[in-house]
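What follows is a single structure, written as structure tokens, with notes after it.
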Amino acid sequence: WIGEPMVAGLVSNVRYLQSLPHLAVYAHGIAIAIAFTLITYMHVILGELVPKTLALQRAEQIALAVGAPMEAFLSGGLVLRAFGAHPTRRGGAVHSPDELKLIVTASRQFGQIPEFQEEMIHNAIELDSITVREVMVARPDIFSLPSDLLLDDALARVVEGQHSRIPIYDPQRGPEHIVGVLYYKDLMRWMRLRLSNLGQTTATRISRMQIGQIMHDVVVVPETKVLAELLSEFKERRRHLAVVVDEFGSTAGVITVEDVLEQLVGNIEDEFDVSPSQPALQDESVMLLEGSANIRDLETEYGLILPREAGFETLGGFILARLQRIPEIRDTFEYEGRRYTVEQMDGHRIARVRIEKTAQTEGEAEAAKGAGS
33 WIGEPMVAGL VSNVRYLQSL PHLAVYAHGI AIAIAFTLIT YMHVILGELV
83 PKTLALQRAE QIALAVGAPM EAFLSGGLVL RAFGAHPTRR GGAVHSPDEL
133 KLIVTASRQF GQIPEFQEEM IHNAIELDSI TVREVMVARP DIFSLPSDLL
183 LDDALARVVE GQHSRIPIYD PQRGPEHIVG VLYYKDLMRW MRLRLSNLGQ
233 TTATRISRMQ IGQIMHDVVV VPETKVLAEL LSEFKERRRH LAVVVDEFGS
283 TAGVITVEDV LEQLVGNIED EFDVSPSQPA LQDESVMLLE GSANIRDLET
333 EYGLILPREA GFETLGGFIL ARLQRIPEIR DTFEYEGRRY TVEQMDGHRI
383 ARVRIEKTAQ TEGEAEAAKG AGS
């Protein structure tokens, strides 16, 4: 309403337009189009881009300069409260998880944070979307002991297995029914007590004790629980190991606080950890992997991307889903530029898989195209 009359006056003063009939009508019509275009352009450039660019380049100075005037506007809420109204909280400054990832990535690209910090922050944001089932130790791979095992026998097994916390199961019902957890420290305390000078009677009594008498209660969680909630529960209950159960209440696996932390910082190994078997690389396009390899680990460590929404968590599960039957040795199929061949079976379980590249994957083709350009 300000720009249009001004532009209309300028249009009316154009000499070759003054001879036109109904000049006022034409002038106002032309003025509306010109004024709208110019004012929109000035609003976007001067009202949006320039202030935001200056604010980003001189954030601290501008924040200090506009802080006091903004406080005056914010205090206007006091007037509303005097009339019984409460200002609505605004969520304009709230960022979604994907937006936070973009901000962190931009910070890394401009050298504000190192790459490993970017990866850790991304992983922390994703903790709320990763379920326990995706990272747990599956039931067939659990190292556990029966509750009626004597302390001496348990010590030999624990030293051989090199675990600090061992699930204990009911021997009458089988390894699927975990009833507690044995701490290696507790076992060592009792063995030290037996060797101390407390008399033969006490030593004999301790030697006849079973690990079920010194085990602790165990945390039980559903396989659908997300890692962020599990980590909070570990902190609250001061536990480091939990038994994972499926929808039917059967043991599906176990998970430790180390498994959760590894989703943040990568594999954590101490001096006594046995390194996981690396893929046997015959050349750059061929490798042999265990059928129990987790598909999340395959993606992060080997760049092998498999679908996650199909209800399986391992390479063997992926092969079963593709074949829709129990495979036999030398069964093969192709998926997204790679050939998968079953090399070894352990009963009905897929023990070893051979993976060969048969063509460039989509990601590799894009990378090669980018390098060529």
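For the sequence shown, my numbering gives the first residue as 33, with consecutive numbering after it.
Backbone N, C-alpha and C fix where the C-beta goes; we use that ideal spot for every residue, glycine too.
Q | residue 355 versus residue 253: straight-line alpha-carbon distance, rounded | A | 31 Å
(Q) Taking contact to mean 3 or more Cβ pairs, one atom from each stretch, closer than 8 Å, check whether the region 194 to 201 and the region 232 to 240 are in contact. (A) no
Q: Note down the Cα distance separating residue 260 from residue 289, rounded to an integer number of angstroms.
A: 11 Å
Q. If you scan the region 317 to 348 from start to end, which runs of the beta strand (DSSP E) of 3 or more residues do you find wholly inside it?
A. 318 to 322
(Q) Looking at residue 276: is its Cβ nearer than 7 Å to the Cβ of residue 160? (A) no
**Q.** Classification of residue 131 by the beta-carbon crowding that lies within 10 angstroms, buried from 16 upward
**A.** exposed
Q. Alpha carbon to alpha carbon, how far is residue 403 from residue 175?
A. Confidence in residue 403 is poor, its pLDDT being 47 and thus under 50, which makes the residue's placement unreliable; the coordinate value appears in the next sentence. Each residue's alpha carbon lies about 47 Å from the other.
**Q.** Whether residue 218 touches residue 238 by CB criterion (7 Å)
**A.** no
Q) If you scan the region 173 to 224 from start to end, which runs of the beta strand (DSSP E) of 3 or more residues do you find wholly inside it? A) 197 to 201 and 210 to 215
Q. Are at least three pairs of beta-carbons, each pair with one atom in the region 314 to 330 and one in the region 340 to 351, less than 8 Å apart?
A. yes
**Q.** Delimiting residues of the alpha helix (DSSP H) encompassing residue 99
**A.** 91 to 106
Q: Have a look at residue 228 and residue 287 and give me their C-alpha separation to the nearest angstrom.
A: 36 Å
Q.
Within the continuous beta strand (DSSP E) that includes residue 273, where are the two ends?
A. 273 to 277
(Q) Taking its Cβ as the centre, do 16 or more other Cβ atoms sit within 10 Å of residue 73, making it buried, or is it exposed? (A) exposed
Q) Of the choices 153, 283 and 138, whose alpha-carbon is the least far from that of residue 206? A) 283
Q) How far does the beta strand (DSSP E) with residue 242 in it reach, from first residue to last? A) First-last for residue 242: undefined, no H or E at that position.
Q | Continuous beta strand (DSSP E) stretch holding residue 387: start and end | A | 381 to 389
(Q) Looking only at its chain, what residues have a beta carbon closer than 6 Å to the beta carbon of residue 405, apart from the 5 residues adjacent to it on each side? (A) Residue placement at residue 405 cannot be trusted, given a pLDDT of 45 that sits under 50; what the coordinates show is reported in the next sentence. No residues qualify anywhere along the chain.
Q. In terms of alpha-carbon separation, which member of 241, 86 and 293 lies closest to residue 168?
A. 293
Q: Report buried or exposed for residue 385, applying the criterion of at least 16 other Cβ atoms within 10 angstroms of its Cβ.
A: buried
Q) Is DSSP giving residue 234 helix, strand or coil here? A) helix
Q | C-beta neighbour in chain D for residue 221, strict 7 Å | A | Protein chains in the displayed structure number just one, and chain D is not present.
Q: Would you mind stating whether residue 126 and residue 153 have Cβ atoms separated by less than 7 Å?
A: no
Q: Could you spell out the range, first to last residue, of the beta strand (DSSP E) harbouring residue 146?
A: Counting along the chain, residue 146 falls outside any beta strand (DSSP E), and DSSP gives it neither H nor E.
Q: Could you check if residue 182 is buried or exposed, using at least 16 other CB atoms within 10 Å of its CB as the buried criterion?
A: exposed
Q) When you compare only the Cα positions, how much space is there between residue 85 and residue 94? A) 11 Å
(Q) What does the Cβ neighbour count give for residue 346, buried or exposed, with the cut at 16 atoms within 10 Å? (A) buried
Q.
Residues in the same chain with beta-carbon distance under 6 Å from residue 104, minus the five sequence neighbours each way, listed in chain order, please.
A. none
Q.
What does the alpha-carbon distance come out to for the pair residue 179 and residue 188?
A. 15 Å
Q | Test item: CB-CB of residue 296 and residue 156 under 7 Å | A | yes
(Q) With the cut-off set at 7 Å, would you say residue 164 and residue 263 are in Cβ contact? (A) no
**Q.** Where residue 48 falls, given that 16 or more other Cβ within 10 Å makes a residue buried
**A.** Confidence in residue 48 is poor, its pLDDT being 48 and thus under 50, which makes the residue's placement unreliable; the coordinate value appears in the next sentence. Exposed: under 16 other Cβ atoms inside 10 Å.
Q.
Between which two residues does the beta strand (DSSP E) holding residue 266 run?
A. Here residue 266 belongs to no beta strand (DSSP E); instead the alpha helix (DSSP H) covers 259 to 269.
Q: Express the C-alpha separation of residue 334 and residue 102 in angstroms, rounding to a whole number.
A: 52 Å
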